[in-house]
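S.K.: Converting from the sequence shown to our numbering requires adding 177 to each position, the first position being numbered 1. Glycine included, C-beta positions come from ideal geometry on N, C-alpha and C.
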Amino acid sequence: MAFVPVDAATPGIRSLFEYRPETGAPLRRLAHALLHGESPLTKGERELIAAFVSHGNLCKFCTMSHAAAARHHYGSDADIVDAVVYRSDQSVVSPKMQALLVIAEKVRKGGRIVTDADVAAARSEGAVDRDIHDAVLISAAFCMFNRYVDGLQALTPQERKPMLKWANVWPNKVMMEVVDMPHRRTLRTSRNNRALESRLDTSERSANSTQFILRTQFAHGR
178 MAFVPVDAAT PGIRSLFEYR PETGAPLRRL AHALLHGESP LTKGERELIA
228 AFVSHGNLCK FCTMSHAAAA RHHYGSDADI VDAVVYRSDQ SVVSPKMQAL
278 LVIAEKVRKG GRIVTDADVA AARSEGAVDR DIHDAVLISA AFCMFNRYVD
328 GLQALTPQER KPMLKWANVW PNKVMMEVVD MPHRRTLRTS RNNRALESRL
378 DTSERSANST QFILRTQFAH GR
């Protein structure tokens, strides 16, 4: 049970954003800019860093939700996400991404741990200034998001499999429309609205874990 009064039907960080909208709105914008704004890193790579850092911080909500988002972006290569996040196997990503994950992990442990050699190693694998900047900021920001969720004990569904299932049902754009619309009738403006409404109706009658992925998979404004 959360330490502050939040909507019990709204798991994770989304409930905290709604509890304090004055801070929730800018935090949502920050996460959206980091994960979906312009960057030399792909959306999948950025979501992977977010899930990787969250797993290191033992934040189950952020790990599961951003791992599911990363799987969606990686598509047929989705197993890369589980290899990196859950099996600590970074050999499945590019040397550049491996070097950026080293930096992200050091930022997670403490920013001053990052060395000139770490940055030089990333540059030698083709990382540019924005790659390094964005990897560091995503890691730092998700340390904050992780501590925000866990520090207030936001509701975290325990089942991971339904999240993977729902993350692969719809394209990212449509999922964002579903989450951001406050009333179901607004789904009529989305493409494939009949299928979306049907699935939303089904999710509203099903387990909390399915509601979780539908309502909060892209909770950071995605």
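Under 8 Å: do the segment 311-319 and the segment 269-286 share three or more Cβ pairs, one atom per stretch?
M.R.: yes
S.K.: Would you be able to state if there are at least three C-beta pairs under 8 Å between the segment 223-232 and the segment 241-258?
M.R.: yes
S.K.: Do A260 and A412 count as a contact pair if the criterion is CB distance below 8 Å?
M.R.: With the chain covering only 178 through 399, there is no way to say anything about residue 412.
S.K.: Can you list, in chain order, the residues of its chain with a C-beta nearer than 7 Å to that of D184? Leave out the 5 residues immediately preceding and following it.
M.R.: S192 and E195
S.K.: Fully enclosed by the segment 260-307, which alpha helix (DSSP H) runs are 4 residues long or longer?
M.R.: 272-286 and 293-301
S.K.: Would you decide whether R197 is buried or exposed? Buried here means 16 or more other CB atoms lie within 10 Å of its CB.
M.R.: exposed
S.K.: What first and last residue would you give for the alpha helix (DSSP H) that runs through T200?
M.R.: P198 to H213
S.K.: Between the Cα of D311 and the Cα atoms of I190, L207, V269 and H232, which residue gives the shortest distance?
M.R.: L207
S.K.: Whole angstroms are fine: how far does the CA of T219 sit from the CA of A186?
M.R.: 32 Å
S.K.: Taking all protein chains shown into account, decide if E222 is buried (16 or more other Cβ within 10 angstroms of its Cβ) or exposed.
M.R.: buried
S.K.: What three-state label does DSSP hand L193 in the structure shown?
M.R.: If DSSP states are grouped into helix, strand and coil, L193 belongs with the helices.
S.K.: Using a 10 Å radius around the Cβ and a threshold of 16 neighbouring Cβ atoms, would you call G233 buried or exposed?
M.R.: buried
S.K.: Mind checking which residues open and close the alpha helix (DSSP H) that includes L225?
M.R.: K220 to G233
S.K.: In the DSSP assignment, find the alpha helix (DSSP H) that holds E333 and state where it starts and stops.
M.R.: Going by the sequence as given, residue 333 is Thr instead of Glu. Where T333 is concerned, there is no enclosing alpha helix (DSSP H), given that its DSSP letter is neither H nor E.
S.K.: I'd like the span of the alpha helix (DSSP H) that includes M241, first residue to last.
M.R.: K237 to Y251
S.K.: On the premise that D256 lies in contact with V279, defined as a C-beta separation below 8 Å, what is that separation, rounded to the nearest angstrom?
M.R.: About 21 Å separates the two Cβ atoms, so there is no contact after all.
S.K.: For L400 versus E199, is the C-beta spacing smaller than 8 Å?
M.R.: Only positions 178 to 399 of the chain appear in the structure, and residue 400 is not among them; the question remains open.
S.K.: Short check: CB of L314 to CB of A179, under 8 Å?
M.R.: It is not a contact, given that the beta carbons lie outside the stated cut-off.
S.K.: Under 7 Å Cβ to Cβ from V291, same chain only, skipping five residues before and after it: list those, please.
M.R.: I280, K283 and V284
S.K.: Exposed or buried, what is A297 when buried is set at 16 or more other beta-carbons lying within 10 Å of its beta-carbon?
M.R.: Exposed, because fewer than 16 other Cβ atoms sit within 10 Å of the Cβ of A297.
S.K.: Between L235 and S301, what straight-line distance do the alpha-carbon atoms span, to the nearest angstrom?
M.R.: 31 Å
S.K.: Using a Cβ-Cβ cutoff of less than 6 Å, which residues in the same chain neighbour G303 once the five nearest sequence positions on both sides are dropped?
M.R.: K273
S.K.: Determine the burial state of D266: buried for a count of at least 16 other Cβ atoms within 10 Å of its Cβ, exposed for fewer.
M.R.: exposed
S.K.: Where K237 and H249 are concerned, what is the direct C-alpha to C-alpha distance, given to the nearest angstrom?
M.R.: 18 Å
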